[in-house]
Amino acid sequence: FQPTCEFSAFPSAFDVYGDFIMTMIKALLDMRIILLLYWLGVFLSFCGHTEADYSQYHSRPEVVIPLKILGTGRGVKPSDWLSYSLHFGGRKHIVHIKVKKYLLSRHLPVFTYTDQGALLEDQPFVHHDCYYHGYVEGDPESLVALSSCFGGFRGLLQINDSAYEIKPMTFSTKFEHLIYKMENEESQFSEMNSDFVLEEIVPQLESQEINNFTQKQTGYGSWWRHFFIVELVVVVDHTLYLHIKKNISKYTEELYTIINIADSIYEILGIRLLLFGMEFWTKKNYIEVNDIRRSLKYFCIWKNGNLAPRLPHDTAHLFMHKPVRGMSGLGYVRGMCQPLYSCAIVTMLNRSLTLVGIALAHHIGHNLGMFHDGDFCTCGHLRCIMHTSNPPITTFSNCSLSFFWLYTIHEAKCMLYEIYTKDIFSKKRCGDGIVEEEEECDCGPLQNCAKDACCLSNCTMTYGSACAHGLCCKDCQLLPSGEMCRREANECDLPEWCDGSSPQCPDDVYVEDGIPCNESAYCYERRCNDRNELCKQIFGPEAKSASQNCYKNINTLGDRFGNCGIHQSSYVKCNISDILCGRLQCTNVREIPLLRDHSTVHQYRFNEVTCWGLDYHFGMPKPDIGEVQDGTGCGEEHLCIDRKCVHLSRLDRNCSPEFCNMRGICNNRHHCHCNYMWDPPNCLVRGNGGSIDSGPPPKREKFNKSYFIYIFQLHCQPERYQHSCLVCHPQSSESQIFELSTNIQNLYQLSRTYPQSSECQIHAVSPIVF
2 FQPTCEFSAF
12 PSAFDVYGDF
22 IMTMIKALLD
32 MRIILLLYWL
42 GVFLSFCGHT
52 EADYSQYHSR
62 PEVVIPLKIL
72 GTGRGVKPSD
82 WLSYSLHFGG
92 RKHIVHIKVK
102 KYLLSRHLPV
112 FTYTDQGALL
122 EDQPFVHHDC
132 YYHGYVEGDP
142 ESLVALSSCF
152 GGFRGLLQIN
162 DSAYEIKPMT
172 FSTKFEHLIY
182 KMENEESQFS
192 EMNSDFVLEE
202 IVPQLESQEI
212 NNFTQKQTGY
222 GSWWRHFFIV
232 ELVVVVDHTL
242 YLHIKKNISK
252 YTEELYTIIN
262 IADSIYEILG
272 IRLLLFGMEF
282 WTKKNYIEVN
292 DIRRSLKYFC
302 IWKNGNLAPR
312 LPHDTAHLFM
322 HKPVRGMSGL
332 GYVRGMCQPL
342 YSCAIVTMLN
352 RSLTLVGIAL
362 AHHIGHNLGM
372 FHDGDFCTCG
382 HLRCIMHTSN
392 PPITTFSNCS
402 LSFFWLYTIH
412 EAKCMLYEIY
422 TKDIFSKKRC
432 GDGIVEEEEE
442 CDCGPLQNCA
452 KDACCLSNCT
462 MTYGSACAHG
472 LCCKDCQLLP
482 SGEMCRREAN
492 ECDLPEWCDG
502 SSPQCPDDVY
512 VEDGIPCNES
522 AYCYERRCND
532 RNELCKQIFG
542 PEAKSASQNC
552 YKNINTLGDR
562 FGNCGIHQSS
572 YVKCNISDIL
582 CGRLQCTNVR
592 EIPLLRDHST
602 VHQYRFNEVT
612 CWGLDYHFGM
622 PKPDIGEVQD
632 GTGCGEEHLC
642 IDRKCVHLSR
652 LDRNCSPEFC
662 NMRGICNNRH
672 HCHCNYMWDP
682 PNCLVRGNGG
692 SIDSGPPPKR
702 EKFNKSYFIY
712 IFQLHCQPER
722 YQHSCLVCHP
732 QSSESQIFEL
742 STNIQNLYQL
752 SRTYPQSSEC
762 QIHAVSPIVF
């Protein structure tokens, strides 16, 4: 038998399994390659490393992890500031941020349209405590605008000449963020320009040379300002609505970030942006959007006829997702406060949130009177925010400041209302936490109402409840008459009591202006302003007011350390008669206080005497603790009012101790607040005291078993103070106590009225127990 080689029609087992194994290995390799490519793509997607993003930022991002800085130490801000450390650009940056107020309207209306074209209004929940502004440590001209409402930080950091955008890394479990540098190169932004429309608004300025404008110089050497509001409405056109895939909720979050960036840019000018409302053109565009100049004209006409009646505003901006000849937008110059021109268009085409925020600020600048920068305009950078190329810079040039001063400060009066006094638009509705007409109560959101025993979610009170709110309401019932609801805060304040019929405590009244409260101060607007106490509050318990020599030498300088106020952006030198009413000067200082931003301690020496004081940044919305407060004494029967030393007769004082029959004190409404045992209005009839404004004091029908009564002896010139010479004539039992207590209160009132009189003195002799 000789072996032969044959080819069988059926493969052997080895061949079958071998081919199968090779096939599986190849499939597994292919799958691994596919999975590797897939996860690589996912990873790039997670990190934001997409070419689409590069087209927005022109640079690859860095990955950073913001590290919160805890603890106290030198340079650490007060508790309302947060500090984070970020490492990017080859170095570590310390960022200080603080929660921003007045960015979004309390009840932010959002308007949309149904398929049939009917207008709908909604008021979605809005976070108000997660928008921040701040600065980068070591760079006094830096700017930070961040939000943390939806996980991580998102916003703008301007450091030196560079702008950066930061945003959270998607799906990161380590608080990782991506930070992009916004390149400020001519080639990157030459195609994205801005334009403005002048038309007939300011024809007198068309022939003016922009380059010749320079910043208005002031004695302050910087920009003097107050904080004012621009009420802004944003309208999203139909093309942008489709581009965001009709996701209004997500896009409103981005709009809030954009507004936060623009608002932070305008803080330096004292302008605060308040997003007053939004509208989404969900059905169609309501104007032609093919030609941007015609679109701007039609949009202004539309918003005046359709938007303004239901949503009053200072300016409205149309956001579009459409190329408009390579421009970032278009706005009317000097349009603010002129309804037909207070509008602009901003494009969103392939632009990051930071660039849109800067573009929004740019076009609001046109509305506020700013033209494009010319060749000789400067801001310390290669280009400024109002340059025609709309670069990623947040700084205004000297030309922009001049235009702003010329128009906004002097002409645009509609938005020049101080932020604390301007009424903020809100829709009245049950559930907003505010008790309005036809509402018995308002417990706010449903979760709050579930915990409220007095008020129901339909704004009516629960069964058996007599009240639901107010200082005179406790456990859903009215407090009885005579229950104190507001104690006096100091020697210049007066108490109030419930009347038993209202849940509200009476209005807060206080001692009439001009009544002495110590040796050198008078009551003024509920305060007793004493120089020595003010110095102690600033520089510690051993500090005291400096000599007149300090006040004279410093407050006649007319600079930020010594002045009597500011007039037309320049500091005013104090007249010799007013030196005690300028900046507060202290001595005997043993410690330097921890001050808030934009405050500086100064020290002068005159004739071996060291004088200490504070300057004040006039643009900051905070109290000036370094000035002499109104009501502070500046001489015999003289006090400081508006940095002038004036006589007491200048005050509105229509009440006097005589009017109250020497048995009470006058309040700020010029009514008598009577001592105990005398009734208002003139303290003639025996009663329980108080005033017609304070509510009824409690009735005291029985006397305590013992009283510690201090007998006072009054020495005065009878011919000058005959009406004030009160003598205690003890009688017996209750009448004895009554007369003593009454006369003692009269003497106390007299001591407050004439504390500096050398002819009239009151001395405590000894306590007597009854």
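FYI, this note's numbering numbers position 297 of the sequence shown as 298, with every residue one higher than the one before it.
Beta carbons: idealized from backbone N, C-alpha and C, even for Gly.
These numbers come from a predicted model, not from an experiment.
Next item on the list: Rank 340, 333, 303, 290 by C-alpha distance to the C-alpha of residue 1 and give the top, closest one.
Entry: Only positions 2 to 771 of the chain appear in this structure, which leaves residue 1 out of reach.
Check: Can you round the beta-carbon distance between residue 584 and residue 563 to whole angstroms, since I take them to be within the 8 Å contact cut?
Finding: Here residue 584 is taken as the residue at index 583 of the sequence shown, counted from 1. Here residue 563 is taken as the residue at index 562 of the sequence shown, counted from 1. Yes, residue 584 and residue 563 are in contact; Cβ-Cβ is about 5 Å, under 8 Å.
Next item on the list: On a CA-only basis, which of 105, 233, 552, 260 is nearest residue 146? Give me that one, please.
Entry: Against the sequence shown, residue 146 aligns to sequence position 145. When only C-alpha atoms are compared, the closest one is 260.
Next item on the list: Note down, one range per segment and in chain order, each alpha helix (DSSP H) of at least 4 residues found wholly within the segment 505-573.
Entry: 532-540, 549-556
Checklist line | Span of the alpha helix (DSSP H), counted from its first residue to its last, around residue 267 | finding: To locate residue 267, count along the sequence shown from 1; it is residue 266. Residue 267 -> alpha helix (DSSP H) spans 249-267.
Notebook entry, point to check: Excluding five sequence neighbours on each side, which residues of the same chain lie with their C-beta closer than 6 Å to the C-beta of residue 1?
Noted result: Past the edges of the chain, shown from 2 to 771, lies residue 1, and the structure says nothing about it.
Next item on the list: Please go through the segment 302-371 and give each complete alpha helix (DSSP H) segment of 4 or more residues, from N-terminal end onward.
Entry: 354-368
Notebook entry, point to check: So what's residue 680 in DSSP terms, helix, strand or just coil?
Noted result: Taking the sequence shown and counting its residues from 1, one reaches residue 680 at position 679. Three-state result, residue 680: strand.
Notebook entry, point to check: Is the beta carbon of residue 383 less than 8 Å from the beta carbon of residue 276?
Noted result: Translated into the one-based positions of the sequence shown, residue 383 becomes position 382. Translated into the one-based positions of the sequence shown, residue 276 becomes position 275. Not in contact: residue 383 and residue 276 (Cβ atoms no closer than 8 Å).
Notebook entry, point to check: Which residues in the same chain as residue 511 place their Cβ atom closer than 7 Å to its Cβ, once the five residues preceding and following it in sequence are excluded?
Noted result: Within the sequence shown, numbered from 1, the residue matching residue 511 stands at position 510. Only 493, 494, 495, 527, 668, 669 meet the Cβ criterion.
Check: In terms of residues, what are the limits of the beta strand (DSSP E) holding residue 133?
Finding: Start at 1 with the first residue of the sequence shown, and residue 133 comes out as number 132. First-last of the beta strand (DSSP E) with residue 133: 132-137.
Item checked: Endpoints, the beta strand (DSSP E) within which residue 181 is located -> Locating residue 181 in the sequence shown gives position 180, where the first residue counts as 1. It spans 178-183 - the beta strand (DSSP E) in which residue 181 sits, taken as one unbroken run.
Next item on the list: Say whether the segment 159-178 touches the segment 60-68, bearing in mind that this needs 3 or more beta-carbon pairs closer than 8 Å, one atom from each stretch.
Entry: yes
Notebook entry, point to check: If you check the beta carbons only, do residue 689 and residue 662 fall under 8 Å apart?
Noted result: By one-based count along the sequence shown, residue 689 stands at place 688. By one-based count along the sequence shown, residue 662 stands at place 661. No, the pair does not count as a contact, with Cβ atoms beyond the cut-off.
Margin query: Please tell me whether residue 370 and residue 408 are closer than 8 Å, where the distance is taken between their beta carbons.
Written below: For the purposes of this step, residue 370 is identified with residue 369 of the sequence shown, where counting begins at 1. For the purposes of this step, residue 408 is identified with residue 407 of the sequence shown, where counting begins at 1. Contact flag set, yes.
Check: Do residue 238 and residue 328 have their CB atoms nearer than 8 Å?
Finding: The residue given as residue 238 occupies position 237 in the sequence shown. The residue given as residue 328 occupies position 327 in the sequence shown. Cβ atoms of residue 238 and residue 328: not closer than 8 Å.
Notebook entry, point to check: Is the Cβ-Cβ distance between residue 613 and residue 633 less than 8 Å?
Noted result: As a position in the sequence shown, residue 613 is number 612, starting the count at 1. As a position in the sequence shown, residue 633 is number 632, starting the count at 1. Cβ distance not < 8 Å, so residue 613 and residue 633 don't count as in contact.
Note to self: Nearest by alpha-carbon distance to residue 282: which of 626, 168, 337, 121 is it?
What the structure shows: Numbered from 1 along the sequence shown, position 281 holds the residue referred to as residue 282. Of the candidates 626, 168, 337, 121, the one whose C-alpha sits nearest the C-alpha of residue 282 is 121.
Check: Quick one: what's got a C-beta closer than 8 Å to residue 603's C-beta in the same chain, skipping five residues either side?
Finding: Along the sequence shown, one-based indexing puts residue 603 at 602. Closer than 8 Å at Cβ, skipping near neighbours: 562, 613, 614, 615, 616.
Item checked: As assigned by DSSP and simplified to three states, the class of residue 84 -> Numbered from its first residue, the sequence shown carries residue 84 at position 83. Reduced to three states, the DSSP call for residue 84 is strand.
Next item on the list: Grab me the residues of residue 544's own chain with a C-beta within less than 6 Å of its C-beta, minus the 5 sequence neighbours each way, in chain order.
Entry: Position 543 of the sequence shown, counted from the start, is the residue given in the question as residue 544. Contacts found: 536, 537, 587, 589, 590.
Next item on the list: Would you check if the distance between the CB atom of residue 513 and the CB atom of residue 656 is smaller than 8 Å?
Entry: For the purposes of this step, residue 513 is identified with residue 512 of the sequence shown, where counting begins at 1. For the purposes of this step, residue 656 is identified with residue 655 of the sequence shown, where counting begins at 1. Their beta carbons are under 8 Å apart, which means residue 513 touches residue 656 by this criterion.
Item checked: Between the CA atoms of residue 628 and residue 515 - distance to the nearest angstrom -> In the sequence shown, residue 515 corresponds to position 514, counting from 1. In the sequence shown, residue 628 corresponds to position 627, counting from 1. Answer to the nearest angstrom: the Cα atoms are 19 Å apart.
Checklist line | Nearest candidate by alpha-carbon position, reference residue 476, set 698, 464, 556 | finding: Along the sequence shown, read from residue 1 onward, the residue named residue 476 stands at position 475. Closest by alpha carbon: 464.
Next item on the list: Taking only the alpha-carbon atoms, compute the straight-line gap between residue 687 and residue 278 and give it to the nearest angstrom.
Entry: Numbered from its first residue, the sequence shown carries residue 687 at position 686. Numbered from its first residue, the sequence shown carries residue 278 at position 277. Going from the Cα of residue 687 to the Cα of residue 278 covers about 59 Å.
Margin query: Under 8 Å: do the segment 481-488 and the segment 450-460 share three or more Cβ pairs, one atom per stretch?
Written below: no
Note to self: Let's see if you can read the secondary structure: which residues bound the alpha helix (DSSP H) around residue 447?
What the structure shows: Position 446 of the sequence shown, counting from 1, holds the residue named residue 447. Taken as a continuous stretch (DSSP letters only), the alpha helix (DSSP H) holding residue 447 covers 447-450.
Check: Quick one: Cα of residue 703 to Cα of residue 664, how far?
Finding: One-based indexing of the sequence shown puts residue 703 at position 702. One-based indexing of the sequence shown puts residue 664 at position 663. Model confidence at residue 703 stands at a pLDDT of 44, short of 50, so the residue's coordinates are unreliable; what they give is reported in the following sentence. Those two C-alpha atoms are separated by around 21 Å.
Checklist line | Cα-Cα separation, residue 360 to residue 156 | finding: Taking the first residue of the sequence shown as position 1, residue 360 is located at position 359. Taking the first residue of the sequence shown as position 1, residue 156 is located at position 155. C-alpha separation (whole angstroms): 14 Å.
Checklist line | Proximity below 8 Å, CB of residue 354 to CB of residue 289 | finding: Position 353 of the sequence shown, counting from 1, holds the residue named residue 354. Position 288 of the sequence shown, counting from 1, holds the residue named residue 289. Cβ atoms of residue 354 and residue 289: not closer than 8 Å.
Notebook entry, point to check: Which one of 374, 639, 525, 89 has the shortest CA to CA distance from residue 62?
Noted result: Reading the sequence shown from its first residue, position 61 is the one you call residue 62. Ranking 374, 639, 525, 89 by Cα distance to residue 62 puts 89 first.
Item checked: Rounded straight-line distance, which links the Cα of residue 626 to that of residue 503 -> In the sequence shown, residue 503 corresponds to position 502, counting from 1. In the sequence shown, residue 626 corresponds to position 625, counting from 1. Whole-angstrom Cα-Cα distance: 38 Å.
Check: Do residue 674 and residue 695 have their CB atoms nearer than 8 Å?
Finding: Position 673 of the sequence shown, counted from the start, is the residue given in the question as residue 674. Position 694 of the sequence shown, counted from the start, is the residue given in the question as residue 695. Yes. Within cutoff.
Next item on the list: May I ask whether a heavy atom of the ligand FAD can be found less than 7 Å away from the beta carbon of residue 520?
Entry: As presented, the structure is devoid of all ligands, the ligand FAD included, so that no description of it is given.
Checklist line | Neighbourhood of residue 693 by C-beta distance below 7 Å, restricted to the same chain and skipping five residues each side | finding: Stepping through the sequence shown from its first residue, residue 693 is reached at position 692. Result list for residue 693: 672, 681, 682, in chain order.
Item checked: Beta-carbon separation (whole angstroms), residue 646 vs residue 600, contact threshold 8 Å -> Residue numbering aside, residue 646 sits at position 645 when the sequence shown is read from its first letter. Residue numbering aside, residue 600 sits at position 599 when the sequence shown is read from its first letter. With 8 Å as the limit, residue 646 and residue 600 do not qualify as a contact, their Cβ atoms being about 26 Å apart.
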